[in-house]
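Participant: Throughout the sequence shown, residue numbering follows the working numbering, covering 1230 to 1482 in sequence.
Input: one structure, supplied below.
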Amino acid sequence: MARRKKVYEGKAKILYEGPEPGTFVQYFKDDATAFNAQKKDIIDGKGVLNNRLSEYFMTGLAQIGVPTHFLKRLNMREQLIRQVEIIPLEVIVRNYAAGTMSERLGLEEGTQLPRPIVEFCLKDDNLGDPLVSEEHIIAFGWAAQQDLDDMIALALRVNDFMSGCMFGVGIRLVDFKIEIGRVWEGDFQRLIIADEISPDSCRLWDMETGEKLDKDVFRRDLGDLADAYTEVARRLGVLPSNVTHATKPTLIN
Ligand code: 5GP
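Quick look at the structure:
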């Protein structure tokens, strides 16, 4: 059988050509990177957990009418997705100050923000994904004004959905990053959620203890990353409740 064609390899995922035109197979690796890949490790089972968690969130979003690239999960590490033209911006939504916002504005981590705040960063590893303003985005043509309005509306809907999901299982959604892509339907285009939604790209804190259950565990050497992601999956019912942190993830159908 011919080897399938790799289209793109990123830090945490690989994209292969899909079975139909307009589709890709997205493969979730176990690689963890932080600080623009200056810190790297392999975390056993991370790809399996993120494949399943991203499926969970994207399926839920579709059910409330938020369009996403997700078509179906194929196996433990792969999902079938729609091919999109990725908008070269990371869209970050913040509910509480943390990370670079805390550093930039001198806000204590965990300070509740007056309302959800949407930020844009240019996707450019060489520049370290710099924060950019809406003025920059329009002036440099990375997205049009209508795209920006649509991206903000999509990001805020994702925020409401994800905040609710997490609140229901005792987790605070501090912030998250999404990527958005353009799809063409005849002469019409629309924007849909792409890439992944997983603890790799969110800040998730236990509401009682403040324990971190996201990639900061790896970034800041706070413990075992797979344990943290397993806990998120277990609380959401994506893993059976009898899975202990020491075991490898066992998926339920
Ligand atoms: P910060 O700007 O504070 O570093 O990140 C804000 C939020 O966006 C965090 O939830 C963080 O995980 C996510 N984020 C920002 N940049 C990236 C990135 O390049 N990759 C991933 N996976 N998440 C990111």
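Idealized CB from N, CA, C, for every residue including glycine.
#1: Just to check, is the beta-carbon of residue 1260 closer than 6 angstroms to a non-hydrogen atom of the ligand 5GP?
#2: Going by the C-beta, is residue 1394 closer than 6 angstroms to any heavy atom of the ligand GDP?
#3: Should residue 1319 and residue 1234 be called a contact, given that it needs their Cβ atoms to be closer than 7 angstroms?
#4: Relative to the C-alpha of residue 1258, which residue among 1307, 1246, 1288 is closest?
#5: Ends of the beta strand (DSSP E) at residue 1411?
#6: Could you tell me whether the region 1438-1446 touches the region 1297-1315, where touching means 3 or more Cβ pairs closer than 8 angstroms?
#7: From residue 1355 to residue 1372, what does the alpha carbon distance come to, in whole angstroms?
#8: Between residue 1325 and residue 1341, is the Cβ-Cβ spacing less than 7 angstroms?
#9: Quick one: what's got a C-beta closer than 7 angstroms to residue 1476's C-beta in the same chain, skipping five residues either side?
#10: Compare the C-alpha of residue 1377 against each of 1345, 1430, 1394, 1317 and name the closest.
#11: State buried or exposed for residue 1269, treating a residue as buried only when at least 16 other CB atoms are found within 10 Å of its CB.
#12: What is the rounded straight-line gap between the Cα of residue 1474 and the Cα of residue 1381?
#13: May I have a chain-ordered list of the beta strand (DSSP E) segments no shorter than 3 residues that lie completely inside the region 1248-1285?
#14: According to the neighbour-count rule (16 or more other Cβ atoms, all chains shown, within 10 Å of its Cβ), is residue 1441 buried or exposed?
#15: How is residue 1446 classed by DSSP in three states: helix, strand or coil?
#16: Take residue 1217 and list the residues in its own chain whose beta-carbon comes closer than 7 angstroms to its own, dropping the five residues that flank it on each side.
#17: Using the rule of at least 16 other Cβ atoms within 10 Å of the residue's Cβ for burial, across every protein chain shown, is residue 1278 buried or exposed?
#18: Assuming residue 1390 contacts residue 1321 under a Cβ cut-off of 8 angstroms, what Cβ separation, rounded to an integer in Å, is found between them?
#19: Who are the Cβ neighbours of residue 1284 in its own chain at under 7 angstroms, not counting the five residues just before and after it?
#20: Quick one: residues in its chain with C-beta nearer than 6 angstroms to the C-beta of residue 1399, no 5 flanking neighbours on either side, listed in chain order?
Facilitator: On the basis of the coordinates in this document:
#1: Counted from its first residue, the sequence shown places residue 1260 at position 31. Result no, Cβ not under 6 angstroms from the ligand 5GP.
#2: Among the ligands in the structure shown, the ligand GDP does not appear; only the ligand 5GP can be found there.
#3: Within the sequence shown, residue 1319 is the residue found at index 90, counting from 1. Within the sequence shown, residue 1234 is the residue found at index 5, counting from 1. Not in contact: residue 1319 and residue 1234 (Cβ atoms no closer than 7 angstroms).
#4: For the purposes of this step, residue 1258 is taken as the residue at position 29 of the sequence shown. Minimum Cα distance to residue 1258 is reached at 1307.
#5: For the purposes of this step, residue 1411 is taken as the residue at position 182 of the sequence shown. It spans 1400-1414 - the beta strand (DSSP E) in which residue 1411 sits, taken as one unbroken run.
#6: Taking 8 angstroms as the limit for Cβ pairs, the verdict is that the region 1297-1315 does not touch the region 1438-1446.
#7: Here the question's residue 1355 lines up with position 126 in the sequence shown. Here the question's residue 1372 lines up with position 143 in the sequence shown. The alpha-carbon atoms of residue 1355 and residue 1372 are separated by roughly 20 angstroms.
#8: Residue 1325 sits at position 96 when you count from the first residue of the sequence shown. Residue 1341 sits at position 112 when you count from the first residue of the sequence shown. In this structure, residue 1341 lies closer than 7 angstroms to residue 1325 by Cβ.
#9: In the sequence shown, residue 1476 corresponds to position 247, counting from 1. Bear in mind that a pLDDT of 49 at residue 1476, under 50, signals an unreliable position, so the number given afterwards is only what the model happens to contain. Closer than 7 angstroms at Cβ, skipping near neighbours: no residue.
#10: Taking the first residue of the sequence shown as position 1, residue 1377 is located at position 148. Check the Cα spacing between residue 1377 and each of 1345, 1430, 1394, 1317: the tightest is with 1317.
#11: One-based indexing of the sequence shown puts residue 1269 at position 40. Result: exposed.
#12: As a working note, residue 1474 is residue 245 in the sequence shown. As a working note, residue 1381 is residue 152 in the sequence shown. Confidence in residue 1474 is poor, its pLDDT being 47 and thus under 50, which makes the residue's placement too unreliable to answer from.
#13: Correct list: 1252-1257, 1260-1263, 1268-1271.
#14: Within the sequence shown, numbered from 1, the residue matching residue 1441 stands at position 212. Under a 10 Å Cβ-count criterion, residue 1441 is classified as buried, with 16 or more other Cβ atoms of the shown protein chains found around its own Cβ.
#15: Mapped onto the sequence shown, residue 1446 falls at position 217. Looking at residue 1446 - three-state DSSP - the assignment turns out to be helix.
#16: Limits of the chain in this structure are 1230 at one end and 1482 at the other, which puts residue 1217 out of reach.
#17: Reading the sequence shown from its first residue, position 49 is the one you call residue 1278. Buried is the call here.
#18: Within the sequence shown, the letter at position 161 stands for residue 1390. Within the sequence shown, the letter at position 92 stands for residue 1321. Contact annotation, residue 1390 with residue 1321: C-beta distance approximately 16 angstroms; criterion of less than 8 angstroms not satisfied.
#19: Position 55 of the sequence shown, counted from the start, is the residue given in the question as residue 1284. The beta carbon of residue 1284 sits closer than 7 angstroms to the beta carbons of 1299, 1302, 1308 from its chain, once the five residues preceding and following it are set aside; these are given in chain order.
#20: Within the sequence shown, numbered from 1, the residue matching residue 1399 stands at position 170. Around residue 1399, the same chain offers 1436 as residues with beta carbons nearer than 6 angstroms, after the five sequence neighbours per side are excluded.
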